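First comes the structure, then the notes that go with it.
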DNA sequence: CGATCAGTTCGGCCGCCGCCGAAGCATCCC
DNA sequence: GGGATGCTTCGGCGGCGGCCGAACTGATCG
């Protein structure tokens with residue numbers, strides 16, 4: 033009974049457009065400053081500050097101060113999971129025509145809290161499934177023995193992931209592609225490893241990802257998939273100079 | 033971007049105490065009349081009607097008319113999953129002293145959408161895990177080969193459950209016990225089968241469950257667990273007469 | 001057919017909450 | 001120290017939305 037009241041409180045926090053925008057902006061797992069979040073939420077700094085205070089007070093987000101900046105981030109995976117499940121309800125309940133313009137960068141490859149989403153995420157998940165390295169059900173999955181050796185060869189530490197007490201392997205309905213990509217501990221481990229190998233890299237301030245020229249062929253080779261659906265990799269020299 | 037707006041809309045629907053109460057009341061998967069829901073939400077019938085209209089309009093609940101009654105139910109598992117994930121955030125974010133009085137009936141055994149929760153749910157999950165019939169990770173799990181035969185012997189159709197495209201097996205943090213019970217397709221199949229066998233039965237209008245005298249020993253025997261933590265089964269003769 | 005009951009619709013009241021301007025603190029830089 | 005900049009607090013305005021009383025619809029029953 034009182035549980036429902038607490039749930040209403042939490043839901044009401046997410047139920048404000050500005051706060052929902054803030055939480056969505058944090059969904060990629062990074063820390064953002066109050067100013068950046070105010071901009072993302074399309075509200076003034078004072079207003080954002082109020083919202084951030086409420087979210088932090090309810091322990092949906094955490095803060096760390098750094099100089100005169102305050103960095104906010106999601107309080108944990110459980111918050112990301114909640115946002116995802118709300119998004120699922122939206123997808124099921126309001127299957128309206130997707131007139132919304134999704135940036136091509138985001139569609140191609142992006143981070144979804146701590147794993148890879150977008151065309152790249154779906155392509156990788158398809159490849160892993162086709163090669164019987166993983167199996168999916170509606171809201172769960174598992175890594176096959178052949179998958180174990182495959183991930184080991186890639187340098188992905190599955191035992192470590194398993195110890196994290198997270199599920200190994202979980203399909204997550206892709207927001208833009210409407211087909212599952214790989215989430216869970218394995219999804220996070222893959223994203224971590226591919227970043228480490230510089231096969232993928234975050235674009236400057238955004239959830240979008242770049243597939244590096246090295247990564248392009250390396251991913252196609254090791255995952256046995258084709259990335260031809262993706263746009264050509266952005267000129268890396270330019271990016272390095274710009275960065 | 034617009035996705036965040038939609039999410040805010042859905043979250044705002046859950047964010048009202050009366051509506052949260054309504055959704056929680058429907059969490060056991062049954063259909064309730066508008067009047068019952070008004071009572072559950074502690075609001076007048078007119079007010080409840082307004083809320084129900086909004087929830088139905090947003091496709092969070094479905095309606096069927098029967099005579100002069102209108103029966104409302106959750107629009108699907110995705111809604112139950114969302115409510116569960118919100119509840120998880122509440123549990124993690126507000127670990128305050130549980131001063132709330134939980135009814136002993138509810139703590140002992142209850143339905144959680146379509147599977148068994150409460151002490152019984154946790155006990156069953158523990159037994160299944162101890163006997164290596166299932167394995168759990170943080171947010172996923174699997175049925176072992178020994179589990180397959182175990183469930184088959186109980187008359188639980190795992191293949192059918194697998195075809196439903198739901199995860200086989202998923203731990204779900206128990207609301208009252210703070211430890212995992214078994215959810216997913218297997219959880220639902222177990223609940224269905226145990227009801228079929230009359231080992232458990234719903235108490236009259238509520239999520240709470242009764243363990244029948246037959247069920248008491250049968251469950252202890254077949255699952256290899258002790259139910260001594262549970263209260264003695266309520267007098268069945270009385271219940272039959274009353275029902 | 002009137003009476004009753006379940007449920008919804010209408011209308012108006014009221015309070016909560018999101019919003020921004022202005023001011024108040026910190027921190028950093030010269 | 002002075003003056004930026006980043007963020008928060010305060011205060012008052014305005015509107016959305018939840019609430020209930022009253023009236024309406026439609027089903028059931030004698």
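Chains as they are written, first to last, in our numbering: chain W, 33 to 275; chain B, 33 to 275. Every residue, glycine too, gets a C-beta built ideally from N, C-alpha and C. This structure is a prediction, so every number in the text was calculated from the model and none was measured.
Between the beta-carbon of residue 80 of chain B and that of residue 90 of chain B there is about 16 angstroms, and that puts the pair past the 8 angstroms contact cut. In this structure the region 203-214 of chain W lies against the region 155-166 of chain W, because at least three pairs of beta carbons, one per stretch, are closer than 8 angstroms. Close to residue 207 of chain W, with beta-carbon spacing below 8 angstroms, are these residues of chain B in chain order: 35. By the beta-carbon neighbour count (other beta carbons within 10 angstroms, threshold 16), residue 51 of chain W is buried.
When 7 angstroms is used as the limit between beta carbons, residue 164 of chain B is near no residue of chain W, the shortest such separation being about 16 angstroms. Separation of residue 174 of chain B and residue 82 of chain B (C-alpha to C-alpha, rounded to the nearest whole angstrom) is 42 angstroms. In this structure, the straight-line span from the alpha carbon of residue 181 of chain B to that of residue 165 of chain B is close to 9 angstroms. Using beta-carbon distances, residue 38 of chain W counts as an interface residue toward chain B, with a partner under 7 angstroms. Assignment of residue 229 of chain W by DSSP, reduced to helix, strand and coil, places it in the coil class. Here residue 107 of chain W is near residue 92 of chain W, since their CB atoms are less than 7 angstroms apart.
Assignment of residue 75 of chain W by DSSP, reduced to helix, strand and coil, places it in the coil class.
Residues of chain W whose Cβ lies closer than 7 angstroms to the Cβ of residue 110 of chain B are, in chain order, 120, 121 and 124.
For residue 117 of chain B, the residues of chain W that pass the 7 angstroms Cβ criterion are 113, 114 and 117, in the order they occur in the chain.
With its beta carbon less than 7 angstroms from one in chain B, residue 174 of chain W belongs to the interface.
Counting other Cβ atoms within 10 Å of its Cβ, residue 256 of chain W stays below 16 and is therefore classed as exposed. Look at residue 144 of chain W here: in three-state DSSP terms it is strand.
Residue environment for residue 147 of chain B: buried (at least 16 other C-beta atoms within 10 angstroms of its C-beta). Secondary structure note for residue 174 of chain B: its beta strand (DSSP E) is the uninterrupted segment 173-175.
Note on geometry: alpha-carbon atoms of residue 229 of chain B and residue 242 of chain B lie some 13 angstroms from one another. Taking 7 angstroms as the cut-off, the beta carbon of residue 225 of chain W is found closer than this to the beta carbon of residue 187 of chain W.
The count of Cβ pairs closer than 8 angstroms, one atom from the region 36-54 of chain B and one from the region 242-254 of chain W, stays below three, leaving the stretches out of contact.
At least 7 angstroms separates the CB of residue 218 of chain W from every CB of chain B.
Per DSSP, reduced to three states, the secondary structure at residue 257 of chain W is coil, with no helix or strand assignment. When Cβ-Cβ separations below 7 angstroms define contact, residue 240 of chain B makes no contact with chain W.
In this structure, residue 46 of chain B sits near residue 43 of chain W, with a CB-CB distance shorter than 7 angstroms.
Counting other Cβ atoms within 10 Å of its Cβ, residue 184 of chain W stays below 16 and is therefore classed as exposed.
Sequence-distant Cβ neighbours of residue 58 of chain B in its own chain, meaning closer than 8 angstroms and more than five residues away, are 64, 69, 93, 104, 105 and 106. The region 86-127 of chain W contains, as complete beta strand (DSSP E) runs of 3+ residues, the segments 93-98 and 101-106 (chain order). Taken atom to atom, the span from the alpha-carbon of residue 97 of chain W to that of residue 114 of chain W is near 26 angstroms.
Within the same chain, and ignoring the five residues on either side of residue 48 of chain W in sequence, no residue has its Cβ closer than 6 angstroms to its Cβ. Shortest Cα-Cα distance from residue 38 of chain B to any of W:41, W:37, W:87 and W:126 involves W:126. A residue is called buried once 16 or more other Cβ atoms fall within 10 Å of its Cβ, and residue 191 of chain B, having fewer, is exposed. The beta carbon of residue 53 of chain W falls within 7 angstroms of a beta carbon belonging to chain B, placing the residue at that interface.
Burial is judged here by how many other beta carbons sit within 10 angstroms of a residue's own beta carbon; residue 85 of chain W has fewer than 16 and is exposed.
Leaving aside the five residues that flank residue 88 of chain B on each side, the residues in its chain whose CB is nearer than 8 angstroms to its CB run, in chain order, 94, 95 and 104.
Selection W:176, W:232 and W:168 evaluated against residue 214 of chain W yields W:168 as nearest (Cα-Cα).
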